[in-house]
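All remarks here apply to the structure that follows.
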Amino acid sequence: MVEMRGRDLKMAKEDEYYRNLAYEQFTRLNKKAYPVIESSTEKSIDDAERITSQADFDIVFFDLPGTVNNPSVIRALSNMDYIFAPISADRVVLESTLRYMTVVNDVIRKTGVTNIKDTYLVWNMVDGREKTELYEVYEQVISTLGLKVLKTFLPNSLRFRKELPGSYRSIFRSTLFPADRSQLRGSNIEPLTQEILTLIKLDRDGEKS
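The numbers in our numbering rise by one with no breaks, and the one at position 100 of the sequence shown is 162.
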């Protein structure tokens, strides 16, 4: 994310099209771009507290490593309000994530010394428009572990890998600009966003529901 923000800023400064787009967008919104900072698991909570003391943010996202064999990771996780972990139908990836989330639930949440309100799994890189019977079998196993899966899944699409295009085509993946409506179709980004907002009891204006 930090590297992507750097590339986005470089494009917005050096390319007249994106420079004008950024000026129009942030002038209209009367807001600056949200900050993206690089941190470590040891410093992540302190960095977040420093940033949120300087401005009012509705949500703070943490991109944490997929391991819990470090005390600093456990400390960071225990300070989260919600944890969303991506999973895919790849057996190795799935088993690794399930072990991770089981530790979060059994070791961190059950100690009571945590801010975690809930944890969720998110199907990622799903082939085809709809999930197959294979996913239903996986979800039955996941349910026996006491874990929850979001209803909305993310399809396996090349658009998730494309950043700001140099040819001024439709934008999808950017830390500065919203995705074009034409690119959102079929991506499930909007229903996923709405599902998460509902779960964390926050509306689109940042107000608690």
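From the three backbone atoms N, C-alpha and C, an ideal C-beta is built for every residue, glycine too.
Values in this document were obtained by computation on a predicted structure and should not be read as measured data.
For residue j and residue i, believed in contact at Cβ under 8 Å, the rounded distance
i: D152; j: N177; result: That belief does not hold up - the Cβ atoms of D152 and N177 are roughly 31 Å apart, past 8 Å.
i: A138; j: F124; result: 7 Å
i: L183; j: L216; result: In fact, because the Cβ distance is near 12 Å, the residues do not count as touching under 8 Å.
i: G237; j: M73; result: Strictly speaking, residue 237 in this sequence is Thr, with Gly absent from that position. Rounded, the Cβ-Cβ distance is 11 Å, inconsistent with contact.
i: E201; j: V211; result: 6 Å
Contacts around residue i, its chain only, beta-carbon distance under 6 Å, and the 5 residues preceding and following it disregarded
i: V272; result: Nothing in the structure corresponds to residue 272, since the chain is present only between 63 and 271.
i: S101; result: D109
i: E104; result: S134
Residue i, DSSP secondary structure in three states
i: P240; result: coil
i: Y96; result: coil
i: A147; result: strand
i: P127; result: coil
i: L207; result: coil
i: L264; result: strand
i: K270; result: strand
i: V188; result: strand
Unbroken beta strand (DSSP E) run spanning residue i, endpoints
i: V184; result: D180 to W185
Spatial neighbours of residue i in its chain, beta-carbon cut-off 7 Å, leaving aside the 5 residues before and after
i: S46; result: Any question about residue 46 goes unanswered here, given that the chain covers just 63 to 271.
i: N141; result: I107 and N177
i: L207; result: L160 and T164
i: T214; result: N250, P253, L254 and E257
i: L83; result: F239
i: N218; result: M187, V188 and D189
The alpha helix (DSSP H) enclosing residue i, as first and last residue numbers
i: G68; result: V64 to E76
i: S101; result: Where S101 is concerned, there is no enclosing alpha helix (DSSP H), given that its DSSP letter is neither H nor E.
i: A117; result: No alpha helix (DSSP H) holds A117; DSSP gives it neither H nor E.
i: L160; result: R153 to V165
i: P133; result: P133 to S140
Closest by C-alpha distance to residue i, when choosing among the options
i: T181; options: L160, G68, T194 and V135; result: L160
i: I204; options: V169, S158, D70 and N82; result: S158
i: T114; options: K72, I99, P127 and G128; result: I99
i: V169; options: T255, T214 and V130; result: V130
i: K94; options: L126, A117 and R235; result: A117
i: I262; options: K172, K179, D77 and R112; result: K179
i: V175; options: E76, V64, I136 and Y96; result: I136
Residue i beta carbon near the ligand COA (any heavy atom closer than 7 Å)
i: V203; result: Although the ligand COA was asked about, the structure shown includes no ligands whatsoever.
Residues near residue i by beta carbon distance below 8 Å, same chain, minus five either side
i: Y162; result: G128, T129, V130 and A147
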